[in-house]
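The number in the working numbering is simply the position in the sequence shown, starting from 1, with 193 added. Idealized CB from N, CA, C, for every residue including glycine. Fair warning: this is a prediction, and the values are worked out from it, not measured in the lab. These notes concern the structure reproduced below.
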Amino acid sequence: VVYEQEDVFIHPSCGKNDDQDSFVSGVLRVIEKENEIIIDWRPLDDTLDTSNILCAGKDSSSVVEWTQTPKEKCSRGVDRPSSYEAEWDMVTTVSFKKKPHSNGDATTHTNGESKWSFLFSLADLKSIKQNKEGMGWSYLVFCLKDDVKLPPLHFHHGDSKLLIKCLEKHVVLSESPQDKRVLLVNSQNKSLSQSFENLFDEPSYGLLQKLKRDPYTVTMGRFSKVTNYIFDSFRSSDPSNQRRPPSEMADFLNDAIPGLKINQQEEPGFEVITRIDLGKQPEVSRREPVSSEEWTKNMDSEGRILNVDYIKQSIFKGGLCHTLRKEAWKFLLGYFPWNSTKEERANLQKRKTDEYFRMKLQWKSVSEEQEKRNSRLRDYRSLIEKDVNRTDRTNKFYEGEDNPGLILLHDILMTYCMYDFDLGYVQGMSDLLSPLLYVMENEVDAFWCFVSYMDQMHQNFEEQMQGMKTQLIQLSTLLRLLDSGFCSYLESQDSGYLYFCFRWLLIRFKREFSFQDILRLWEVMWTELPCQNFHLLLCCAILESEKQQIMDKHYGFNEILKHINELSMKIDVEYILCKAEAISMQMMNCKELPQAVGEILGLESSSVTPDSDTGEDEGGAVLSCHTPLYQSIPTPVIAANGTSDSTQQVPEPQSLTPA
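This is the structure in C-alpha cells:
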C-alpha cells in the first residue's frame, strides 16, 4: 500500500440533497502489486484492518484480498500458492485468496453499501477530473479508457492533491487543453514501462530525485537498461522542452549522482596523460583450470600450501575446476591463511561457527515491538527481502519460490548487518553473496567468505561513494593512456564520465556475465595478479573491444549507454581475460609509464632526472619494466584473439550443478 486516505466519500444522492447520512464513507488506497498499480475504494464496512495489509503476492488477478492467517497456523510450513514469491518476514503470517469479480464491474457483496466498491488498474485510467477551486469539498472523478466514469470521490477531511502526487510517481499527468480541471494520463509512459521492463515508470522529476537519493538502486534497476527512449523520459509535456540537447541530458546525470563528476583540475595528484606509444598488445593464452590433483600435490602432509605463488599464478591463468572451488576460494578470499595446516583450519571453522550463530541469534531474537523502534534494522530487513526475491533464478541452486538457498541468502545478509551495523545492507550486496553461497553450500563458510569479500568491496557501498568516484577516475586515466582518441570521442558525446561502467564496478561484473562465467572471473581477480586493480583493466578490455562499433556507427550519448548495457550476458569471459592480461603486459612493458598509471596498477617506480628524454618534469617518475612470473605458466589453451591453440584441446565447459 503506497497511499491510503480515510474519509473519502461517495455521494449517492448526486447533489439532490445535502443529507450527510446518505454519504458513503470509505477508504481509498493505491496498491503496488508486481508491475501493476491498483486504485481501490471500499466503504468502511467492507474494508480490512490496515495492519493486516502486508504485501501482495504474485497473482493472475488484479483483485486481491488480504486476510490474516490465524496464529496457530503461522509456521514455516504453511501452505501457500506456488506462484507466490516469498518475502521472508511475511510468508508465515499472510495468506491470499482471490475475490470474485467481473471485468471492470464493481465487486458485488451482500452488504448494501458494498455495491459502491470499485477497483481498477492505473494502466486503464484515461483521465482525472478535479473540482473547481473554492467549490466545497475537493473531489476527483476517474474516467477509464473505455469511457466509463466512476462515482466522484469527495475528500471531506483530506486534500486530493496528495493522491495526485502519488499517482505522478507512476504516470505522467498533464492538463487537458480543453479543460484545465481535467488531467490526462500520458499513455506513452505505460508503453515505455511495458516495453523496457519498467525502466522509466515515472516522470523525469521522480527519476532524478531517486538518483540523488539512492543512486545505487536506480543504477541497478531502471538505469541498468538505458535505451534510446532515455530522452523521452526526461521531457515534460511542455512543447518548449521537447528538444533538449544530449549535453543537457548528460548534465542531468552528472548532477543526479553527486560527487561522481570527474574534474581533472580539482582531483589531487591528477596527472595529465599525454599520448604514449604502448606498442602492440602481446598475444596471450590461457591454460586449463587447476585440478584437484594439482592442488593436492602442492600440499604437505599437514595440509599447508607449499608454493603459494605457483598456485595463484595457475589460478590466474586458468581458474579452478568446480569441485575445487569450495576449498580454494576460502584461501583466495582470506578466510583461510595460506600457511595454515588442516588442523588449524578446522579449529578456525569451529570458532567462526560459534561467532556466526551468536550474531544470527541477535537479530533472530529481536521482537516485532523492538524492531518497530529500530528503524535501521527495519530498513535493512526490507531491503534484503526485496533483493533476495530478485535473485537470479537461472542457476538451479536458487530455483523455486521457497528455495532453501534464498532463505540462507536472507539469513546471511541479516547476520552481516549485525556484524557491520554501520554499513548494514546496501542494494547489490546480495549479488556478491549468491555465488559464494552456491559454491560453499554452507551457511557459515559462505558468511565468512562474504565478510572477506566485503572487506575488499565495502568502499563501493559507502554513503559518500568515494570508492566509486575514485575507481571511475582511475578507469578514465587508464583508458586515456590506452586509447586517447577513444576517450576524446566519448567526451565529445558527453560520455567521458563513464557512467555506463558504474554497475560493472559496483558489483564486479556480476550482472554482465553468466552465473558460470562470473565464478571464473572472480577467482581470477582474487589472485590479485598481475597487478592491482585488474578489474579496471577488464573494463578497459571490454570498452576497447566495443570501440570500433561505437565510433564507426557514430554513436551518441544515449546510443552508447544503450549499447554498453546490452552487452550483458554477451561477453566472452575467456577472451576478455586474455585481452585484459595483454593490456597489463603492454603497460608494464612501457618504459615511460606515467606515475599516475603506475600507482593505480601498484607498480614500483624509479626516479628519473629532469633532463631525461622521457619528457617528465622535475619530480616526475617512470616505471621500471617487470616481467611477471605468471607469464611463465605453461599449457596455453585460448589465445587472445579467441582462437584455440592447435596444440591443445579446449576442455568442455563443466556443469555447475551443486553436489
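If I follow the unbroken beta strand (DSSP E) through Cys-336, where does it start and stop?
331-337 is the span of the beta strand (DSSP E), which, as asked, contains Cys-336.
Ends of the alpha helix (DSSP H) at Ile-764?
Ile-764 -> no alpha helix (DSSP H), and no H or E assigned at all.
Could you tell me which whole alpha helix (DSSP H) segments of length 4 or greater appear in the stretch 716-803?
Counting whole runs of 4 or more residues, the stretch 716-803 contains the alpha helix (DSSP H) stretches 727-745, 750-758, 766-781 and 788-794.
What residue range does the beta strand (DSSP E) around Glu-160 cover?
Nothing can be reported for residue 160, as the shown portion of the chain is limited to 194 through 852.
Using 8 Å as the threshold, is the stretch 778-785 in touch with the stretch 472-490, meaning 3 or more CB pairs across them?
Touching, yes, given that three or more Cβ pairs across the two stretches are closer than 8 Å.
Could you compute how far the alpha carbon of Arg-566 sits from the alpha carbon of Met-647?
Answer to the nearest angstrom: the Cα atoms are 28 Å apart.
Report the CB separation of Ser-860 from Pro-236 in whole angstroms; it is logged as a contact under 8 Å.
Since the first and last residues shown for the chain are 194 and 852, residue 860 lies out of range.
Exposed or buried, what is Lys-490 when buried is set at 16 or more other beta-carbons lying within 10 Å of its beta-carbon?
It counts as exposed.
Sort Tyr-748, Asp-339, Asp-340 and His-347 by Cα distance to Leu-333 and report the nearest one.
That would be His-347, whose Cα lies nearest to the Cα of Leu-333.
Among the residues of its own chain, which have a CB less than 6 Å from the CB of Leu-366, if the five just before and after it don't count?
Result list for Leu-366: Leu-376, in chain order.
For Leu-343, which residues from the same chain have a beta carbon less than 6 Å from its beta carbon, with the 5 sequence-adjacent residues on both sides left out?
Only Phe-311 and Phe-335 meet the Cβ criterion.
Please name the residue in His-204, Trp-715, Cys-359 and Ser-331 whose C-alpha comes closest to that of Ile-232.
Of His-204, Trp-715, Cys-359 and Ser-331, the residue nearest in Cα terms is Cys-359.
What residues in its chain sit with their C-beta under 6 Å from that of Pro-482, if we drop five residues either side in the sequence?
Cβ neighbours of Pro-482 beyond the five flanking positions: Gly-511, Gly-512, Leu-513 and Cys-514.
Go ahead and pull the three-state DSSP assignment for Glu-199.
Glu-199 falls in the strand class under three-state DSSP.
Could you tell me which uninterrupted beta strand (DSSP E) segments, each at least 3 residues in length, are contained entirely in the stretch 457-519, listed from first to last along the chain?
With a minimum length of 3 residues, no continuous beta strand (DSSP E) run stays inside the stretch 457-519.
Would you call the CB atoms of Trp-641 and Lys-545 closer than 7 Å?
Closer than 7 Å, so yes.
From the DSSP output, which residues share a beta bridge with Gln-323?
Paired residues: Leu-333.
So, with DSSP's three-state summary, where would you put Gly-598?
The answer is helix: DSSP assigns Gly-598 an H, G or I state.
Looking at Leu-691: is its Cβ nearer than 7 Å to the Cβ of Leu-668?
Yes. Within cutoff.
Which one of Cys-680, Glu-655, Ser-645 and Phe-695 has the shortest CA to CA distance from Leu-665?
Comparing Cα positions, the closest option is Phe-695.
Nearest by alpha-carbon distance to Ser-170: which of Asn-726, Arg-479, Ser-369 and Ile-769 is it?
In the structure displayed, the chain extends from 194 to 852; residue 170 sits before or after that span and is not available.
For Asp-372, count the other beta carbons within 10 Å of its own beta carbon; 16 or more makes it buried, fewer makes it exposed. Which is it?
Burial call: exposed.
Between the stretch 485-502 and the stretch 700-715, are three or more C-beta pairs nearer than 8 Å?
Contact between the stretch 485-502 and the stretch 700-715 is absent, because fewer than three Cβ pairs lie under 8 Å.
Using a Cβ-Cβ cutoff of less than 7 Å, which residues in the same chain neighbour Trp-719 once the five nearest sequence positions on both sides are dropped?
Around Trp-719: Leu-525 and Leu-526.
Using the Cα positions of Asn-582 and Gln-506, report the straight-line distance between them to the nearest angstrom.
Cα-Cα distance, rounded: 37 Å.
With DSSP run on the structure shown, which of helix, strand or coil describes Ser-369?
Here Ser-369 sits in coil by DSSP.
Sorted by chain position, which residues of the same chain lie with C-beta nearer than 8 Å to Ser-485's C-beta, five sequence neighbours on each side aside?
Cys-514, Thr-516 and Leu-517, listed in sequence order.
Does DSSP put Pro-205 in a helix, a strand or coil?
Pro-205: coil per DSSP, three-state reduction.
Taking the alpha-carbon of Lys-535 as reference, which of Tyr-549, Glu-520 and Glu-548 has the nearest alpha-carbon?
Of Tyr-549, Glu-520 and Glu-548, the residue nearest in Cα terms is Glu-520.
Report back the beta-carbon spacing between Leu-356 and Ile-230 to the nearest angstrom; my notes put them in contact at under 8 Å.
Contact flag wrong, Cβ pair sits at about 12 Å.
My guess is that Val-632 and Leu-714 are in contact by the Cβ rule of under 8 Å, so how many angstroms apart are they, rounded?
Going by Cβ atoms, the distance from Val-632 to Leu-714 rounds to 13 Å, so no, they are not a contact pair.
Can you name, in chain order, every residue of its own chain whose Cβ lies under 8 Å from the Cβ of His-603, other than the five neighbours on each side?
Around His-603: Trp-281, Ile-577, Glu-578 and Val-581.
Could you pull the DSSP bridge partners for Ile-230 from this structure?
Ile-230 pairs with Glu-225.
Please list the terminal residues of the continuous beta strand (DSSP E) segment that includes Phe-313.
Taken as a continuous stretch (DSSP letters only), the beta strand (DSSP E) holding Phe-313 covers 311-314.
Could you have a look at Val-559 and say whether DSSP puts it in helix, strand or coil?
It is coil, neither helix nor strand.
Leaving out the 5 sequence neighbours to the left and right, which residues in its chain are closer than 7 Å to Leu-853 when beta-carbon positions are compared?
Absent from the structure is residue 853, since the part of the chain shown begins at 194 and ends at 852.
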